[in-house]
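J.:
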Amino acid sequence: MAFMTDRPLSAREFLDECLAFKKAHPVQSRFFSVFLEGQLTPEQLRLWAKDMYHYIQPAIPALTAWLAHAPTVIERDTARLVASNLAGEMGFLREPDHRDLYLKFLAGLDIAETEARDHLPLPSTIGAASAIGYFCRSSFEEGLGAFGLGVELQVPGRPNGAEVIVKALRHYAIPRDAMEFYFVHVEAEEEHGGNAEAALAPFTRTREQQALVRRAFQWTVLAHQGMQAGFDAFLS
370 MAFMTDRPLS
380 AREFLDECLA
390 FKKAHPVQSR
400 FFSVFLEGQL
410 TPEQLRLWAK
420 DMYHYIQPAI
430 PALTAWLAHA
440 PTVIERDTAR
450 LVASNLAGEM
460 GFLREPDHRD
470 LYLKFLAGLD
480 IAETEARDHL
490 PLPSTIGAAS
500 AIGYFCRSSF
510 EEGLGAFGLG
520 VELQVPGRPN
530 GAEVIVKALR
540 HYAIPRDAME
550 FYFVHVEAEE
560 EHGGNAEAAL
570 APFTRTREQQ
580 ALVRRAFQWT
590 VLAHQGMQAG
600 FDAFLS
């Protein structure tokens, strides 16, 4: 399907298209199958955690850049929705800064931040993090497609990503308080996805807007599918 359609879709049609695309590109990863079975070695688990550090740490700067594009002079509700997501990530609402929570998770695996920072991530992880950063810094519509829909949009009937990871981590001897990063995301992902859906209508009214959102969304979904498949390298 071309990024530019002959006519603008309704907000409902556009959202249904995005959901269909996400359903058609599920996670396909041997690594996660082994992870969910509790069969990863300690070193494989540590490699994954250090790789994810390089995906998670750039997320807040990307989200901040996306918020900076929100046209608050025209209407403020959309900016409030994005700002609510950002405030939660930065620890201004219910829980600490999510970056600090991830460092706590690393500490539960006996990984210092310096060790994680010095880890060279997989090309697929670099690609997923870079895709989000690129689109969030390009325009509000592209940030909406990448972060709002590509990352946050939940497919009905499919467990959210944090929920799957929590289920997998229970197989490993990790202190419960060290897993708080993933516990809070189980609760937050539905809310964040709802905020993204609410922000959709004002910014998908024209074919041109929809093309920007669609391109960013599809690229981000594919980049994340590639990142999850890329973790299979840790099994060899």
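End of the sequence shown sits at 605 in the numbering used here; the numbers just go up one at a time, nothing left out.
Note that beta-carbon positions come from the ideal geometry of N, C-alpha and C, so glycine has one too.
1) Determine, using beta-carbon pairs with one atom in the segment 508 to 523 and one in the segment 576 to 588, whether at least three such pairs fall under 8 Å.
2) Grab the span of the alpha helix (DSSP H) containing Thr-494 for me, first residue to last.
3) Short of 7 Å in beta carbon distance, which residues of its chain neighbour Ile-534, apart from the five on each side in sequence? Order them along the chain.
4) For a test of the three-state rule: what should DSSP assign to Ala-316, helix, strand or coil?
5) So for Pro-571, helix, strand or coil by DSSP?
6) Looking at C-alpha atoms only, which residue of Phe-401, Arg-527, Arg-545 is the closest neighbour of Ala-393?
7) Could you tell me the alpha carbon to alpha carbon distance between Pro-395 and Leu-491, rounded to whole angstroms?
8) Tell me whether Glu-521 is buried or exposed, calling it buried when 16 or more other Cβ atoms sit within 10 Å of its Cβ.
9) In the DSSP assignment, find the alpha helix (DSSP H) that holds Glu-382 and state where it starts and stops.
10) How close, in whole Å, do the beta carbons of Ala-497 and His-593 come, if the pair is a contact with beta carbons under 8 Å?
11) Just tell me which of His-540, Phe-504, Arg-445, Thr-494 has its CA closest to the CA of Ala-602.
12) Report back the beta-carbon spacing between Ala-567 and Leu-450 to the nearest angstrom; my notes put them in contact at under 8 Å.
13) So, using beta-carbon positions, are Ile-425 and Arg-468 closer together than 8 Å?
14) In this structure, how does DSSP classify Asp-487 when only helix, strand and coil are distinguished?
15) Who are the Cβ neighbours of Gly-599 in its own chain at under 6 Å, not counting the five residues just before and after it?
16) Is Met-596 helix, strand or coil by DSSP?
17) Taking just the CA atoms, how far does Ser-507 sit from Leu-440?
18) Applying the criterion that 16 or more other CB atoms from any shown protein chain within 10 Å of the CB defines a buried residue, is Leu-489 buried or exposed?
19) So, with DSSP's three-state summary, where would you put Phe-372?
20) For Arg-576 and Arg-583, what's the separation of their Cα atoms in angstroms?
T.: Let's see:
1) yes
2) 492 to 505
3) Tyr-551
4) For the chain, the structure presents residues 370 to 605; residue 316 sits outside this window and is missing.
5) helix
6) Arg-527
7) 20 Å
8) buried
9) 380 to 392
10) 5 Å
11) Thr-494
12) 6 Å
13) yes
14) helix
15) Leu-491, Ser-493
16) helix
17) It should be noted that the sequence gives Pro, not Leu, for residue 440. Approximately 14 Å between the Cα atoms of the pair.
18) exposed
19) coil
20) 10 Å
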